[in-house]
Every structure is written in C-alpha cells, then in structure tokens.
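Take a look at the structure set out below.
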Amino acid sequence: MKLLVLALEPSSNLHLKELLKYTHDIEMVGIFSKELGTPLYDVSDVAIMGFVDAFKKYRWFKRVALKMVELARDVDRVLLMDSSGFNLPLAQKIKEAYPSKEIVYYILPQTWATMINLSLAKAFTAMSLSPPSIEKISTASNPTPKNRMTMD
Numbered sequence: 004m005k006l007l008v009l010a011l012e013p014s015s016n017l018h019l020k021e022l023l024k025y026t027h028d029i030e031m032v033g034i035f036s037k038e039l040g041t042p043l044y045d046v047s048d049v050a051i052m053g054f055v056d057a058f059k060k061y062r063w064f065k066r067v068a069l070k071m072v073e074l075a076r077d078v079d080r081v082l083l084m085d086s087s088g089f090n091l092p093l094a095q096k097i098k099e100a101y102p103s104k105e106i107v108y109y110i111l112p113q114t115w116a117t118m119i120n121l122s123l124a125k126a127f128t129a130m131s132l133s134p135p136s137i138e139k140i141s142t143a144s145n146p147t148p149k150n151r152m153t154m155d
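Residue numbers (our numbering): 4 to 155.
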C-alpha cells in the first residue's frame with residue numbers, strides 16, 4: 004500500500020513510528036522523519052518558531068501543500084497526523100481534487116468538535132470520546148452523514 008503521510012511535528016513522528024510496528028508492506032511518501040524512511044520533506048524542513056518565521060515560510064508552505072495534493076493522486080490513502088492548521092485545509096484540497104480518496108486523520112486537534120471536516124474518511128484521537136457525542140456532532144454538521152466520518 005502506498006501512503007501519503009503528513010507528520011509535521013516530532014511528536015507525530017513518535018506516534019507514526021509506533022503505528023509502523025503494526026503495518027506491513029507500506030510505502031510512505033510525504034513529510035515525516037528521516038528516521039522512518041525517505042520523505043520528500045523531513046520534519047525538520049517544516050519546523051517554524053513564532054509568527055515571523057511562519058510569515059517568512061508562508062509561500063513555501065503553499066507550494067508544499069500543492070505538491071502534497073499532486074502526490075495524493077498516486078497513493079492508496081492519505082494519513083494526516085496532528086498539525087491541524089496545515090492538515091485540515093489540505094484534507095479539503097485533496098478531497099476536492101480526488102473525491103474518492105480516503106483521508107485518515109490521526110490525533111485530532113483538541114477543538115476538533117468545532118471543526119468537523121467532512122473531507123475525512125476516518126478520524127482517530129488519542130483521547131477517549133463517547134460515540135453518542137460524536138454522532139450528535141456529526142449529524143448536526145451534516146444531516147445525512149452516511150459514514151463520511153467514522154471513529155474506529
């Protein structure tokens with residue numbers, strides 16, 4: 004299976020390393036730690052500190068996002084990890100370009116409930132959430148959810 008991975012933070016890469024222990028025959032492309040494979044961009048390439056650094060790298064991040072949308076065409080699934088400011092808008096762009104592409108989000112942002120993103124096929128969290136509250140929020144955001152977002 005070919006997987007587009009976007010693990011932009013060191014902590015995301017720790018979780019990715021753990022996930023990889025339970026997978027086989029995975030080819031990863033995208034942004035992740037060099038310790039885990041051969042990324043297009045290493046996690047250190049996307050590190051920013053403060054507003055000024057973010058402002059300086061804004062155009063670069065836009066180009067990277069476009070490249071990730073291109074890469075999504077040739078993968079089986081997309082795995083987004085943490086970094087909601089980059090990954091949630093990217094999920095929407097990928098879903099617009101490739102409507103049938105499965106996008107999985109691992110480690111939802113803390114305020115995920117206010118930002119239900121229907122571009123995601125699956126979403127996983129590190130904290131416990133009750134299924135009734137998830138269903139209530141999903142239904143309120145989308146009257147006919149039809150499993151557009153599931154918590155497995």
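Just so you know, even glycine gets a beta-carbon here, dropped at the ideal spot from N, CA and C.
Go ahead and pull the three-state DSSP assignment for residue i.
{"i": "Ala50", "result": "coil"}
{"i": "Arg80", "result": "strand"}
{"i": "Tyr61", "result": "helix"}
{"i": "Ile34", "result": "strand"}
{"i": "Asp56", "result": "helix"}
{"i": "Asn145", "result": "For Asn145, the predicted structure reports a pLDDT of 41, less than 50, and the residue's modelled location is therefore unreliable. A value from the coordinates is still provided. It is coil, neither helix nor strand."}
Taking residue i as part of the beta strand (DSSP E), name the residues at either end of that continuous run.
{"i": "Val8", "result": "5-10"}
{"i": "Ile106", "result": "105-109"}
Tell me which residue opens and which closes the alpha helix (DSSP H) that residue i is part of.
{"i": "His27", "result": "Premise fails: His27 is in no alpha helix (DSSP H) and is neither H nor E."}
{"i": "Gly88", "result": "87-100"}
Name the DSSP beta bridge partners of residue i, please?
{"i": "Asp45", "result": "Phe35"}
Three or more C-beta pairs under 8 Å: does that hold for the stretch 72-86 against the stretch 8-21?
By the Cβ criterion, the stretch 72-86 is in contact with the stretch 8-21, since at least three pairs of Cβ atoms, one from each stretch, lie closer than 8 Å.
Specify whether the stretch 56-74 and the stretch 93-102 touch according to this definition: at least 3 beta carbon pairs, one from each stretch, less than 8 Å apart.
Touching, yes, given that three or more Cβ pairs across the two stretches are closer than 8 Å.
Three or more C-beta pairs below 8 Å linking the stretch 25-35 and the stretch 44-58:
Yes: at least three Cβ pairs fall under 8 Å.
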